[in-house]
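See structure below.
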Amino acid sequence: GAVVSQHPSWVICKSGTSVKIECRSLDFQATTMFWYRQFPKQSLMLMATSNEGSKATYEQGVEKDKFLINHASLTLSTLTVTSAHPEDSSFYICSAREVQRTTEAFFGQGTRLTVV
Amino acid sequence: GNSVTQMEGPVTLSEEAFLTINCTYTATGYPSLFWYVQYPGEGLQLLLKATKADDKGSNKGFEATYRKETTSFHLEKGSVQVSDSAVYFCASNQAGTALIFGKGTTLSVSS
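Keeping their order, the protein sequence lines are chains A and B.
Sequential numbering of the first sequence, starting at 381, is according to the working numbering.
Sequential numbering of the second sequence, starting at 166, is according to the working numbering.
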């Protein structure tokens, strides 16, 4: 149980285009999902927290107009990188927290974004 | 604010050696503590966790004990294998909040 699926696992896009990454909780309901960004050989930096049905809360320094987060259902959250640029190239990881288990989060397998 | 500090890597060991990766935390109250492992090109997998003082988390031969007096959660394994080579992240959170991660420690085990 407690599986989080992230899609796609990797994507290459041209500079200026937008990319959507999906994060699904497959066998549980996730009231809260988190989006992280990981640069090579570095830790995970929290980008935003999204609660189902409400606007995401972004961490300081994260551009909300660039990184659009939608959490329309209890099993799906999406991150859209708009007008991507090479500096947006990174590993993006989502995690989801089950309704009843507020101290543990489950992670997707990550999405490697490369902007050329 | 809350934070997690773990030893810098890389850690290079021979197979069957003893492993310790230090982790300390700062937090208001009593957070839950976690160790995650990340294999190359993959997401994070929960390795073990502890939710209160003196709890010991264990999995796949790895152990870590929640020490409130030293605010630590050091990861240990008595005999590492080549397949343990990965990046290990210490993390903490309090109920309702996102995980806060340490910077990660790369472990490389050679045969």
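Every residue, glycine too, gets a C-beta built ideally from N, C-alpha and C.
For Gln-171 (chain B) and Leu-264 (chain B), what's the separation of their Cα atoms in angstroms? Within the second sequence, numbered from 1, the residue matching residue 171 (chain B) stands at position 6. Within the second sequence, numbered from 1, the residue matching residue 264 (chain B) stands at position 99. So the alpha carbons of these two residues sit roughly 15 Å apart.
Mind checking which residues open and close the beta strand (DSSP E) that includes Leu-211 (chain B)? Residue numbering aside, residue 211 (chain B) sits at position 46 when the second sequence is read from its first letter. Note, Leu-211 (chain B): beta strand (DSSP E), 209 to 215.
Inter-residue CB distance, Thr-412 (chain A) and Thr-429 (chain A) (contact presumed, cutoff 8 Å): Within the first sequence, numbered from 1, the residue matching residue 412 (chain A) stands at position 32. Within the first sequence, numbered from 1, the residue matching residue 429 (chain A) stands at position 49. Rounded, the Cβ-Cβ distance is 6 Å, consistent with contact.
Taking a contact to mean a Cβ-Cβ separation below 8 Å, would you say Phe-238 (chain B) touches Tyr-201 (chain B) in this structure? In the second sequence, counting from the first residue as 1, residue 238 (chain B) sits at position 73. In the second sequence, counting from the first residue as 1, residue 201 (chain B) sits at position 36. No, Cβ-Cβ distance for Phe-238 (chain B) and Tyr-201 (chain B) is not below 8 Å.
May I ask you to report which of helix, strand or coil DSSP gives Val-479 (chain A)? The count along the first sequence starts at 1 and reaches residue 479 (chain A) at position 99. In the structure shown, Val-479 (chain A) sits in coil (DSSP, three-state: anything other than H, G, I, E or B).
Going by alpha carbons, who is nearest to Val-442 (chain A) out of A:Val-461, A:Ala-452 and A:Glu-478? Your numbering for residue 442 (chain A) matches position 62 in the first sequence. Ranking the options by Cα distance to Val-442 (chain A), first place goes to A:Val-461.
Thinking C-alpha only, which one of A:Val-495, A:Ser-423, A:Asp-468 and A:Ala-476 is nearest Thr-458 (chain A)? Along the first sequence, read from residue 1 onward, the residue named residue 458 (chain A) stands at position 78. Taking only the C-alpha atoms, the option nearest Thr-458 (chain A) is A:Ala-476.
Hey, is Ala-208 (chain B)'s beta-carbon within less than 8 Å of any beta-carbon in chain A? Here residue 208 (chain B) corresponds to residue number 43 of the second sequence, with the count starting at 1. A quick correction: the sequence has Gly, not Ala, at residue 208 (chain B). Yes, its Cβ sits closer than 8 Å to a Cβ of chain A.
4-residue-minimum alpha helix (DSSP H) runs that sit fully inside the stretch 406 to 449 of chain A, ordered along the chain: none
Same chain, Cβ closer than 8 Å to Thr-185 (chain B), five either side skipped, listed in chain order: Residue 185 (chain B) sits at position 20 when you count from the first residue of the second sequence. Around Thr-185 (chain B): His-239, Leu-240 and Glu-241.
In three-state DSSP terms, what is Val-202 (chain B)? The sequence position of residue 202 (chain B) within the second sequence is 37, counting from 1. If DSSP states are grouped into helix, strand and coil, Val-202 (chain B) belongs with the strands.
Verify whether the separation of the beta carbon atoms of Val-495 (chain A) and Asp-468 (chain A) is less than 8 Å. The count along the first sequence starts at 1 and reaches residue 495 (chain A) at position 115. The count along the first sequence starts at 1 and reaches residue 468 (chain A) at position 88. Going by C-beta atoms, Val-495 (chain A) is nearer than 8 Å to Asp-468 (chain A).
Between Phe-227 (chain B) and chain A, is any beta-carbon pair separated by less than 8 Å? Taking the first residue of the second sequence as 1, we reach residue 227 (chain B) at position 62. By this cut-off, Phe-227 (chain B) is not an interface position.
Pairwise C-alpha distance: Glu-228 (chain B) and Asp-219 (chain B): Sequence index remark: in the second sequence, residue 219 (chain B) carries index 54 (1-based). Sequence index remark: in the second sequence, residue 228 (chain B) carries index 63 (1-based). So the alpha carbons of these two residues sit roughly 12 Å apart.
Looking at C-alpha atoms only, which residue of A:Glu-478, A:Ser-470, A:Leu-493 and A:Glu-484 is the closest neighbour of Asn-431 (chain A)? Sequence index remark: in the first sequence, residue 431 (chain A) carries index 51 (1-based). Minimum Cα distance to Asn-431 (chain A) is reached at A:Glu-478.
Tell whether a beta-carbon distance below 8 Å holds between Val-391 (chain A) and Val-399 (chain A). Along the first sequence, read from residue 1 onward, the residue named residue 391 (chain A) stands at position 11. Along the first sequence, read from residue 1 onward, the residue named residue 399 (chain A) stands at position 19. In this structure, Val-399 (chain A) lies closer than 8 Å to Val-391 (chain A) by Cβ.
Using a Cβ-Cβ cutoff of less than 8 Å, which residues in the same chain neighbour Ser-275 (chain B) once the five nearest sequence positions on both sides are dropped? The residue labelled residue 275 (chain B) in the question sits at position 110 within the second sequence. Only Thr-177, Leu-178, Ser-179, Glu-180 and Val-247 meet the Cβ criterion.
Considering only the beta carbon of each residue, do Ala-182 (chain B) and Leu-198 (chain B) sit closer than 8 Å? The residue labelled residue 182 (chain B) in the question sits at position 17 within the second sequence. The residue labelled residue 198 (chain B) in the question sits at position 33 within the second sequence. Result no, Cβ atoms of Ala-182 (chain B) and Leu-198 (chain B) do not sit closer than 8 Å.
Determine the closest residue to Thr-235 (chain B) out of B:Pro-175, B:Gly-174, B:Tyr-195 and B:Gln-210, with distance taken between C-alpha atoms. For the purposes of this step, residue 235 (chain B) is taken as residue 70 along the second sequence, with counting starting at 1. Measuring from the Cα of Thr-235 (chain B), the nearest candidate turns out to be B:Tyr-195.
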